[in-house]
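Colleague:
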């Protein structure tokens with residue numbers, strides 16, 4: 001009797017374990033920030049989007065496909081041409097996420113790697129269309145306008161595939177080697193032109209200063225001539241006296257002894273009035 005009882009208990013335990021294993025294999029979890037789409041072998045992709053939590057599915061018949069609906073970054077580099085036929089290397093950084101209600105359609109048409117299939121192609125298409133509207137210089141000076149046009153066009157284009165673009169920014173913008181060299185040569189030429197203009201202006205100012213100085217000397221000569229004509233030799237005598245006073249003052253402060261030859265003085269040998 002005891003042996004039969006133990007066998008019965010063992011069979012019940014084995015049955016419970018089998019049932020528990022089947023139940024566990026029929027459960028799947030959807031984490032926060034994720035959604036699930038159910039693929040049914042008989043009905044295809046179900047249109048119902050499963051939210052967060054633990055859910056049942058029919059093993060072998062059904063298979064859950066988990067999607068991340070949080071914003072994710074992606075850098076998309078593109079080489080295109082400007083309005084003036086300059087090569088432009090431009091890189092966009094895109095924050096994207098799928099529209100949860102359109103996940104069945106996204107999986108049916110694009111698959112689980114939808115971002116690889118959509119973002120590079122539509123980004124290249126939009127950039128080529130927008131950049132072609134601007135010259136190379138305008139791409140730098142009007143960068144905000146270019147970014148806004150790219151944002152509007154790319155957001156509209158991505159919505160056709162069930163994608164939401166939370167942010168679009170231009171992170172890299174360079175031009176071809178020839179254009180870069182041309183810009184550098186232009187800057188050097190502008191600097192040389194500014195230097196030449198400065199030298200010309202300096203020469204003009206020096207010329208004006210020389211003219212003004214000459215005019216001043218001429219006016220001084222005229223005034224001296226008038227003074228000599230009206231005062232005779234009195235002005236010369238006044239200047240001689242002032243010079244003598246200055247020399248005497250300087251000699252008075254000197255500690256050295258000054259010897260003067262007989263019959264000469266430190267002033268000009270100017271004739272004096274009797």
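Residue numbers (the UniProt record's numbering): 1 to 274.
Every residue, glycine too, gets a C-beta built ideally from N, C-alpha and C.
With DSSP collapsed to three states, give me the class of residue 164.
Modeller: Three-state DSSP puts residue 164 in a strand.
Colleague: Measure the CB-CB distance between residue 76 and residue 65 and report whether it falls below 9 Å.
Modeller: No, the Cβ-Cβ distance between residue 76 and residue 65 is not below 9 Å.
Colleague: Buried or exposed for residue 162, please, with buried defined as at least 16 other CB atoms from any protein chain shown within 10 angstroms of its CB.
Modeller: Buried: at least 16 other Cβ atoms inside 10 Å.
Colleague: Give every residue of the same chain whose Cβ lies closer than 6 Å to the Cβ of residue 173, excluding the five residues on either side of it in the sequence, and list them in chain order.
Modeller: Excluding sequence neighbours, residue 173 sits near 90.
Colleague: Nearest-angstrom Cα distance between residue 166 and residue 79?
Modeller: Those two C-alpha atoms are separated by around 24 Å.
Colleague: What do you reckon, is the C-beta of residue 133 under 8 Å from a heavy atom of the ligand GDP?
Modeller: Only the bare structure without any ligand can be found here, which leaves the ligand GDP out of the picture.
Colleague: Can you give the Cα-Cα distance for residue 22 and residue 156, rounded to whole angstroms?
Modeller: At residue 22 the pLDDT is 48, less than 50, meaning the model places this residue with poor confidence; the figure from the coordinates comes in the next sentence. One C-alpha to the other measures close to 46 Å.
Colleague: What's the gap between the Cα of residue 97 and the Cα of residue 31?
Modeller: Spanning the two alpha carbons is a distance of roughly 16 Å.
Colleague: What is the residue span of the beta strand (DSSP E) that residue 92 lies within?
Modeller: Looking at the DSSP string, the run of the beta strand (DSSP E) that includes residue 92 is 87-98.
Colleague: How is the alpha helix (DSSP H) around residue 143 delimited, first residue to last?
Modeller: 143-159 is the extent of the alpha helix (DSSP H) around residue 143.
Colleague: Just to confirm, is the Cβ distance from residue 35 to residue 62 under 9 Å?
Modeller: Going by C-beta atoms, residue 35 is not nearer than 9 Å to residue 62.
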